[in-house]
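Protein sequences appear in the order of chains A and B.
For the first sequence, my numbering begins at 113 and goes up steadily by one.
For the second sequence, my numbering begins at 4 and goes up steadily by one.
Even glycine gets a Cβ: it sits at the ideal position worked out from N, Cα and C.
None of the values given here were measured: they were computed from a predicted structure.
Below: the structure, in C-alpha cells.
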Amino acid sequence: MYIIDRRLNPGGKSLANRQRFLRRAKAQIQRAVRQTAGDRDITDLERGGEVSIPADGVREPSFRRSGEGGINDHILPGNKRFVEGDTIDRPPGGGGGGSSAGNSGEGEDDFRFALSREEFLDLFLEDLELPDLAKRRLATVEVQGMRRAGYSVTGSPVNLALLRSMRNALSRRIAMRRPKPSEIAKLKEEIALLEQEGESERILELRQELEKLNLRARRFPYIDPVDLRYRRFEPVSRPVAQAVMFCLMDVSGSMTEHMKDLAKRFYMLLYIFLTRRYKHVEIVFIRHTHEAKEVDEDTFFHSPETGGTVVSSALREMQRIVTERYPPENWNIYAAQASDGDNSPNDGATSAALLRDVILPACQYYAYLEVGSDHDRMQAGFINHKTALWQTYESLQDDGLNIAMRKVNHRREIYPVFRELFRRRDAEARAP
Amino acid sequence: MSLIEKDTLLFHGADWDFGAIQRVYDAIQQIAIDELGLDVYPNQIEVITAEQMLDAYASIGMPLFYKHWSFGKRFATHEAGYRQGLMGLAYEIVINSNPCISYIMEENTATMQTLVIAHAAFGHNHFFKNNYLFKEWTDADGILDYLQFAKSYIARCEERHGQNAVEKVLDAAHALMSHGVHRYPRKKRPDLRSEERRERERQIHREQTFNDLWRTVPSKGGAPKVALSDERRRALLELPQENILYFLEKSAPRLQPWQREILRIVRQIAQYFYPQRQTKVMNEGCATYCHYRIMTRLHETGQISDGAFFEFLQSHTNVTRQPEYDDPHYGGINPYALGFGMMQDIERICTRPTAEDRDWFPDIAGCDDAMGVLRNVWANYRDESFISQYLSPHLMRQWRLFHLVDDPDHPELVIEAIHDERGYRRLRRSLSRQYDVGWTDPDIQVVDVDLAGDRRLILHHHVLNRTLLHKDDAQRVLQMIANLWGYDVVLKEVEAATGAIFQEHVAHPHETLF
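Encoded structure:
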C-alpha cells in the first residue's frame, strides 16, 4: 500500500475546462452579467458572484425517454395504507404519479453557477477601453526597466548562460576534432594490452599517436573563453502604471440623496475600471458648495453641507492638489464631476477658463455627469432644458476640447452611460 | 483497564497523520483479508484537498481526462453547490484501476479516514476485482495509461485542427455516450494498453499504403455494380447495430481518421463505465457492508474508541437512510440503503433463517457461511439479477414496498402489488427491472443504410410502454449524428410488437463539420 500526499499538487486542474465553458456560453453569460450588474448594488460589483443563464445554450442532450406519456412504473417504500388494487387520484399537475415523478424536468431550469471576481469584471468591462487620446501619450510617463535581449560575449558571471555556452563549446570541440576521452582511453587500453604481450614496434606507433592526441586535447580545451555567452539585458522604458482619479461633486442643498447615489455609482464604476487598467489607483474626493475641500470618502457622500454653488472653487482645489501631489508627467489623471447643473451665474466664465487652460491639459479624461431626479425625465422631454453648467461645458466641447458629458436620471442608466463613455473605438466604428 | 485500552487504540481524537493511516490500513487489511476473505488489487491511497476533490468530480472522478467544456460546466455546478453549503463533498472517490486508487480528503477526521479506507480501498476494490462485469468489460491495468493517451491525443488534435472542430466531434460523441457501448461480449477482452500502439499502427499503415497514383487511374465508367441483397448488405455493415458510436466510427463515410479516433476514445471510456451503471446497488452495498463489518470488528477488538465508533455509526446511518415515499426528502430508492439492506438480509438468511427463508432460498438458508455466499453474489451478479434473485419477502415487508402504475389511459393511479404473499414476486420482478439498463435506456438501433444509394441512415427506437423519446433532445442528438454521418438521418419510433410508427425525426447534416 502506498499513501501519497497530493495536497501540494497544483490545483486548478479544471481551469482549462472552465475557460472552455465560459467561452462557449459567453454571449449568455455576458448578458446575465450585465443584468446582474444592473440589479445589484454597485459596491457588490467587485465581488463577482452567482449568475444564472438559460440552460439551453449549455445543454448536453442525449437520447432519453420523455417524462410524459407512456406507462410508468414506480416501486416505492413506506406503504402505510394501500392494498393491492387500490386506486389513487392523480396528483394535480398531471405527469407522473407518486412523489417520485417529475425528475425529468431538469432540462428546462436555468443553469446557476458562480463567477470569480476576475471573470465577472472581465466580462463586465469587456469591450470598454480608456479613451485613447492624443494627449495620453504625452502624459504617459515612462520608467526605466530591464528586459532580456539575447546573448552577449561579455557580462558578469551571474548572467552566464550555461546552456548556450556549453553548446558553443560542444560545437567547437566537434569542429576542431578534439579527441574524445573515450578514444584516448581506448588507445591506452590497447597499449596496456600490447605491453603485456610484449610487442614493441606497434607499441611505439601507438604511443606516438597517444601523445599526438593528448597534445591536441590540451591545445583545444574542453571549454574556452570564446565559448562563453552571457544573458544580455537592455533597458526599456515602461509606461507608468499609476493613475489618480478625482471625484468632484456638488454637495449644495440642491443635490438630493438620489443624485448623490447616482454619482456614487458612476464613481464606483470608474474606480473598478481604472483598477483593471492601472496597477495603482488613488482617489481624491473634492466636494464643493461655494467653497471646495478635499475630504475622505465617507464625508464626501454622507455629510451634509449648505451653501451656494461655485464650480470653479472645486476646479481650483483640484489644480492645487495636482500641482502639489500628482505631477501630470508622473500620473495619469482622470476626473469625473457630478453635479445637478447649478452654478452661480458669474462663475461660468471662470470655470470655463480654468478647465480650458489648466485642468483639461493635465487630464487624460474629464467626464461630466449631470444627475437629475427620477421624475426629471418627463420634464426634459417637454422643454429641452439646459442647465448653466451644461451650457458652459457644451461651449468647451464645441471648441473641440475633450470633455465627455452625459445626463443621468435613473440608476439603470448609469451603466449604459458609462459604457457609452468608454466604449472601445473600433466597436464604435463597427456599430452603425 | 484503561491502560490496556490505550495500547490497542489505533488513533486518539479526530486528528490523523500518515503513521495513523498506515496503522489503520494494516489493521483493516488484517480483518478484510483474513476474516472476510476479500481479494483486492494493491491499494494506493492519495490524500487530497477539497478543491482537488471538486476537480476530480468534474472529470467523472478520473485523475486525468481530456479537456471539454462540459467538465467545466460540471465543475461550476458543483462549486456553486459546495460554496453555498448546499452540497457536501463525498468523503472519497475510488478508481477502478490496478493499483486501485482511492482519494481521501484531508478534512476528514481520523474515524472518517478509517471508514473511507474500509469502504473504498477494500469494499469497492474487492468488487472491482471480482465482479464478472468488471472483469469482462474493463481493463483495470490499462485505464490510466489509456486516459493519458486520450488526453494527449485530443490535445494534439486541438492543436492541429482547432478547438472548435474537436469540440464539435466531442459534443456529438458525448451525446451518444449512452449508446456507445457493446452490451454483449465480443471476441476479445478489452486491452486498453495496446490502444495507443494500435492507433499509431493504423496511422503508419495509412501512410505506407498511400499512393497518389491511384487517384490518377481512370475509373472504368459504369462498372457492373454487384447488386447485394438487402440481407447481405446489412450483414456486411453488422446491422442492426445498437452501438451507434461504433457504427459511426467504422462506417461513417466522410469522417477524418482523427475524428474516428475521437469517437473511439469516447466509446472506450463509455464502455469502461458501463459496468458501474449496472452495479450501483451491489457496488455500494458491497462497500457499505464491508465497512460496517470492518468498523464493528475494529471496535470489538478495541482498536477504535467508543467515541469514534459513534461517529462512524452516525455517518453510516446517514448514508443508509431510506426516506419513505411521502417524505419530503424522498428522491428515489437509495442504492446504499438497498444494497446494504440486502447484504445484511443475506447474512441473516444464512445464519438465522426463518421457515419462509428456507422456502424462498433453500440453497443458502442456514448454510452459516455468509461471507462465502456474499463473495459469490458479488462476483456473479449485477443489480438486476441480484435483486430478482435475493430480494427477500422479509426485506420487502420491512421496507413496506409497493408498486404503483401510472397508465395515462387510466383515470387513476393503480396499486399493482404490495408486500404480501400475492405481491412478493411481482414486486421483486418490477423492482429488478428498474435496474436493468437494457430496460431503462431507450433501445435505439441503426437498422439500415444504403451506402451505394442515397446513404440515408435509418435508426429505430423500439418504444417500450409507449414512452417516446424526449423530443427536443432527440432532435438535437439526431442533428449531431447527421453531422457525423454526413447525410440525412431518420429516427423512427416504432412499437416493437405491432411495428406501428409513432413518430419520425429527420435531420440534415450541416456542412460545417467538414
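- For phenylalanine 276 of chain B, the closest C-alpha among the options B:Gln151, B:Phe505 and B:His185 is that of B:His185.
- In the three-state reduction of the DSSP assignment, aspartate 58 of chain B falls in the helix class, which pools H, G and I.
- Going by DSSP, glutamine 131 of chain A is part of the alpha helix (DSSP H) stretching over 127 to 136.
- Counting only residues of its own chain and dropping the five nearest sequence neighbours on each side, glutamate 409 of chain A has a CB closer than 7 Å to the CB of Phe397.
- For the region 430 to 441 of chain B, the set of positions with a beta-carbon nearer than 8 Å to some beta-carbon of chain A reads Leu430, Ser433, Leu434, Arg436 and Gln437 in chain order.
- Contact annotation, glutamine 151 of chain B with leucine 67 of chain B: C-beta distance approximately 6 Å; criterion of less than 8 Å satisfied.
- Any Cβ of chain B closer than 7 Å to the Cβ of serine 164 of chain A would place that residue at the interface, and such an atom is absent.
- In the structure shown, aspartate 452 of chain A falls within a coil segment according to DSSP collapsed to helix, strand and coil.
- DSSP, read as helix, strand or coil, puts glutamine 347 of chain B in helix.
- Contact check for histidine 71 of chain B and asparagine 129 of chain A: beta-carbon distance about 7 Å, within the 8 Å limit, so the pair qualifies.
- Counting along the chain, the unbroken beta strand (DSSP E) around serine 105 of chain B starts and ends at 103 to 108.
- With contacts defined by Cβ atoms closer than 7 Å, asparagine 128 of chain B and valine 43 of chain B form a contacting pair.
- Annotated three-state conformation of cysteine 370 of chain B is coil, per DSSP.
- For leucine 398 of chain B, no beta strand (DSSP E) segment is defined; the enclosing uninterrupted segment is the alpha helix (DSSP H) at 396 to 402.
- Between alanine 17 of chain B and chain A, the shortest Cβ-Cβ separation is not below 7 Å.
- Against chain A, the beta carbon of tryptophan 72 of chain B has neighbours under 9 Å at Asn129, Arg130, Gln131, Arg132, Phe133, Leu134, Arg135, Arg136, Ala137 and Val170, listed in chain order.
- In the DSSP annotation of this structure, the continuous segment of the alpha helix (DSSP H) that includes histidine 164 of chain B starts and ends at 146 to 164.
- Rounded to the nearest whole angstrom, the CA to CA distance from glutamine 320 of chain A to tyrosine 334 of chain A is 22 Å.
- In terms of CA proximity to asparagine 455 of chain A, A:Val363 leads the group A:Gly267, A:Asp339, A:Val363 and A:Ser349.
- The beta carbon of histidine 513 of chain B sits closer than 7 Å to those of Asn486, all from its chain and outside the five residues before and after it, given in chain order.
- The DSSP-derived three-state label of serine 415 of chain A is coil.
- Of all C-beta pairs linking the region 420 to 429 of chain A to the region 462 to 471 of chain A, three or more are shorter than 8 Å, placing the two stretches in contact.
- Contact between glutamate 301 of chain A and leucine 318 of chain A does not hold, since the beta-carbon distance rounds to 10 Å and is not under 8 Å.
- At the C-beta level, glutamine 140 of chain A and isoleucine 165 of chain A come within 7 Å of one another.
- When DSSP states are grouped into helix, strand and coil, glutamine 354 of chain A belongs to the strand group.
- Using a Cβ-Cβ cut-off of 7 Å, phenylalanine 175 of chain A counts as an interface residue toward chain B, since at least one Cβ of chain B sits closer than that to its own.
- Not a single CB atom of chain A sits nearer than 7 Å to the CB of tryptophan 488 of chain B.
- Within 8 Å of the CB of serine 105 of chain B, no CB atom of chain A is found; the nearest one sits about 10 Å away.
- Segment contact: the region 147 to 162 of chain B against the region 108 to 122 of chain B, fewer than three CB-CB distances shorter than 8 Å; contact not assigned.
- If you compare the alpha carbons of B:Val449, B:His508, B:Arg26 and B:His511 with that of phenylalanine 250 of chain B, the shortest gap goes to B:Val449.
- Interface criterion not met: the Cβ of threonine 504 of chain A is under 7 Å from no Cβ in chain B.
- Residues of the region 381 to 408 of chain B that bring their beta carbon within less than 9 Å of a beta carbon in chain A comprise Trp402, Arg403, Leu404, Phe405, His406, Leu407 and Val408, in sequence order.
- Beta-bridge annotation (DSSP): aspartate 222 of chain A is paired with A:Pro166.
- Taking a 10 Å sphere around the C-beta of alanine 455 of chain B, we find fewer than 16 other C-beta atoms and assign the residue as exposed.
- Inclusion of valine 393 of chain A and alanine 355 of chain A in the CB contact set at 7 Å is warranted, their separation being smaller than that value.
- Between methionine 180 of chain B and glutamine 206 of chain B, the alpha-carbon positions lie close to 25 Å from each other.
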